[in-house]
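Below you'll find the structure, written out as structure tokens, and then a few comments.
Residue numbers (the numbering used here), protein chains in the order written: chain A, 4 to 223; chain B, 4 to 223; chain C, 13 to 244; chain D, 13 to 244.
Given below as structure tokens:
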């Protein structure tokens, strides 16, 4: 059965390790923060200038001077710090962030990612995405595998303008977990009950299917 | 009569204007801070990380966390700020410092300066001098015009390794004030009682002597 | 001490003219120089090139300048919350240069610090790198980016003193400190303007040398773009 | 919150080995990591390349490592207060690379911030620029300088918390913040080590992400190099 967005986030949360500094993009990635195991020491960075980002504030405690990169009101946890945007992207560019999770419109079998521009449509801008994908040690893409027109977003070559080149390491969709390897998309896990055939049909690029493809496990 | 070091400093203090941020090198330049007219708004920067440097502390108030670039204990005036060395040299490189005063071993008629290295002798290092001379909008050299061997330090071409190229604007020595112009050292002022001939004899590079060369004036 | 205080925003923006390049601090609506933006609207200066991470919303922030068609060119990383912006861009009235956010921040800092150019990995292999020099260091590819030049930088701080020293608050810091001293004239508006000596020199985010004019803003609406809360 | 506290300097320097490159904070004797330097002497690691603005004095700071001939190569801007240094340099035991002070600072920051290279005017036309690329921007000449690489960065802060957040004091800040995160492992020694939440997030100079290990130093002599005073 295909995962919903929260389940995708829950699966990605399994990638977290103690000591990780994590940057979460807008959309499904943001949901990952809801599924951090209690015993893990993890800190969330928001690229507009906070490390140690906490949950949304209680009603009446919203502070216009305390927002995340999605412009949402947030809180700061004990031990948090504030800094300017150059320092923030220094953390990113200098590979001090251990994990970046972001959405995508397309990912190629070489690990290229396109997520900022659709020619002919309104361009909103890349924000911090190009810095993130060019710099991060470990990039996981969280997305639905098929777009609204029914086309696979896992492609041989991106048709959309690129955000970054050969940078994605892992992709988690409603159907499966894939790693980018030399030969293409390596199928690592299936969503519970999903068949290889369903996954193959939803993958336009080269899919590598090992003999054993375990199902995802959810402890919650 | 040739100026002493304090008089050289006093003459340079006349170059200060209200609103100037000033970096003073070690030696004669440091003395300039003793002669700032009371009505001028001037701030001194020390490149190890303070803006708004004050005088030496009173006995017993020395603070090892509060020194200048000469490693001397100092004080911070009200309105001072502390910052890291990158920010400090950013102030210098970004031309936010209005006036830099430093010593020299040689200055050429093109405005080249050599003040950090004597081949064959121990090299102590350039410290911040190369950053300062490469960046400052307005560099005044304060020095004795003749070295201990009786040789002029105002030369056609520097024989010593350079600190910076075509950067010095003005030179104040015990004998005179010179500006670097296209043709060479332009004699701007004489020390009280000094003759053109004495100055000419102490200048190895091209000296330009205008019809009128006023004497320096000291109001104090 | 060199004092930077000016009476009000009108004095602070003296010299601003049609066609100038203006850096504007803030991220979204957080930390934007509201008083300076209002004055730009009042002055009616036109054909501005604005360097700012975002372009405000329809009726606040730089959106107020878009309403009056005062902006000719926008340099930003993300401009998605603004229908007016969209119209003017599609109609060709507004030129837009999109820059990766970290590159934008570092280009401001480079201008501030006298670094003419630097290499960054952001945008390598994308259209952002088109026409730019690229180069390999230790097996990784980078793009050469140059410092921004601007006539005015308009920033907003929390506290300031008469020497121009600034302290920012929370995530309203963002691009504000990086634009100080990155333009010919830097204008800082603050919520609290204190006498010299009132700020701890160890806690100052931006030394006054990077600020040319400082004034106490008379209005800070500090509008929230996305009010998100949790229930108790 | 990710905690960075280690028990003492011995744990903090685990993994340091002969032949490594070590950044050491401080300007003169102000803000040097006294506890880490003492531990390096105790460990007796050799053939170190040290990146530090100065080389201490004969019997303090990096001078203590020179006494034991533990430093093979010194990268600094000014090394003038040290007779031992002089002897070892003249005898050829010690290799020295002199770097303009602002370039040294920016090369540390570049490593910290993931900038592989940048242009600076310092040293253009001098022997510092020999063998380096130079380039003209807007009619002025610049030298291309690359980021430093180091195995360890040893820094000293005033206050820190268990998350590795640091606050420096006065001019003992200097190179310390710039070296944080510029090496594979950054070790911070602090005068006061506080629990998480004790520092105001707005006043933190270096966020803990740039620090790998933090400990409370047991001894800070804080020697003064030039005691200059005025009489009342």
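All residues carry an ideal CB built from backbone N, CA and C; glycine is no exception.
Residue i vs residue j beta-carbon contact at 8 Å
i	j	result
residue 132 of chain C	residue 107 of chain C	no
residue 175 of chain B	residue 145 of chain B	yes
residue 92 of chain C	residue 133 of chain A	no
residue 43 of chain B	residue 21 of chain B	yes
residue 168 of chain A	residue 214 of chain A	no
residue 181 of chain C	residue 214 of chain D	yes
residue 199 of chain C	residue 225 of chain C	yes
residue 174 of chain D	residue 16 of chain D	yes
residue 94 of chain A	residue 163 of chain A	no
residue 67 of chain D	residue 78 of chain D	yes
residue 69 of chain C	residue 237 of chain C	yes
residue 178 of chain C	residue 217 of chain C	yes
residue 162 of chain C	residue 241 of chain C	no
Exposure label - residue i; buried when at least 16 CB within 10 Å
i	result
residue 140 of chain A	exposed
residue 90 of chain B	buried
residue 10 of chain B	buried
residue 125 of chain B	exposed
residue 68 of chain A	buried
residue 87 of chain A	buried
residue 179 of chain B	buried
residue 42 of chain D	buried
residue 145 of chain D	exposed
residue 98 of chain B	exposed
residue 127 of chain A	buried
C-alpha gap between residue i and residue j, whole angstroms
i	j	result
residue 194 of chain C	residue 165 of chain C	7 Å
residue 44 of chain D	residue 62 of chain D	13 Å
residue 72 of chain D	residue 128 of chain D	33 Å
residue 105 of chain B	residue 17 of chain B	15 Å
residue 115 of chain D	residue 46 of chain B	24 Å
residue 32 of chain C	residue 82 of chain C	11 Å
residue 57 of chain B	residue 231 of chain C	36 Å
residue 19 of chain A	residue 208 of chain C	48 Å
residue 157 of chain A	residue 122 of chain C	38 Å
residue 222 of chain D	residue 55 of chain D	25 Å
residue 190 of chain D	residue 209 of chain B	45 Å
residue 72 of chain B	residue 212 of chain C	21 Å
residue 50 of chain A	residue 150 of chain C	26 Å
residue 100 of chain A	residue 14 of chain C	40 Å
residue 203 of chain A	residue 8 of chain A	21 Å
residue 27 of chain C	residue 103 of chain B	28 Å
residue 167 of chain D	residue 192 of chain D	7 Å
residue 75 of chain C	residue 25 of chain D	53 Å
residue 15 of chain A	residue 198 of chain A	20 Å
residue 50 of chain D	residue 221 of chain A	50 Å
residue 220 of chain C	residue 84 of chain B	8 Å
residue 94 of chain C	residue 184 of chain C	20 Å
residue 60 of chain B	residue 141 of chain C	54 Å
Proximal residues of chain C, C-beta to C-beta of residue i below 9 Å
i	result
residue 214 of chain D	170, 179, 180, 181, 182, 185, 215, 217
Bridge-paired residues (DSSP) for residue i
i	result
residue 158 of chain C	C/129
residue 206 of chain B	DSSP output for residue 206 of chain B lists no bridge partner at all.
residue 188 of chain B	B/183, B/210
residue 111 of chain A	A/158
residue 42 of chain C	C/39
residue 34 of chain C	C/62, C/164
residue 25 of chain B	B/47, B/102
residue 204 of chain D	D/171
Contact test: residue i Cβ vs the ligand GTP heavy atom, cutoff 7 Å
i	result
residue 104 of chain B	Inclusion of the ligand GTP in the displayed structure is not the case, the ligand content being empty and no account of it being possible.
Contact list for residue i against chain D, beta-carbon separation under 9 Å
i	result
residue 220 of chain A	Result: empty, since nearest Cβ-Cβ is about 26 Å, beyond 9 Å.
Listed by chain order, chain D residues near residue i by CB distance under 7 Å
i	result
residue 99 of chain A	193, 221, 222
residue 111 of chain A	Per Cβ cutoff of 7 Å: no residues; residue 111 of chain A is ~24 Å from chain D at best.
residue 130 of chain B	89, 90, 113
Interface partners of residue i on chain A, CB under 7 Å
i	result
residue 239 of chain C	65, 76
Chain-ordered neighbours of residue i on chain C, where CB pairs are closer than 8 Å
i	result
residue 46 of chain A	None at all; the shortest Cβ gap to chain C is about 15 Å.
Within-8 Å CB hit, residue i to chain E
i	result
residue 62 of chain B	Included in the structure are the protein chains A, B, C and D, with no chain E among them.
Under 7 Å by beta carbon: chain C residues contacting residue i
i	result
residue 229 of chain A	Coverage of chain A is limited to positions 4 through 223, which leaves residue 229 of chain A absent and any answer about it impossible.
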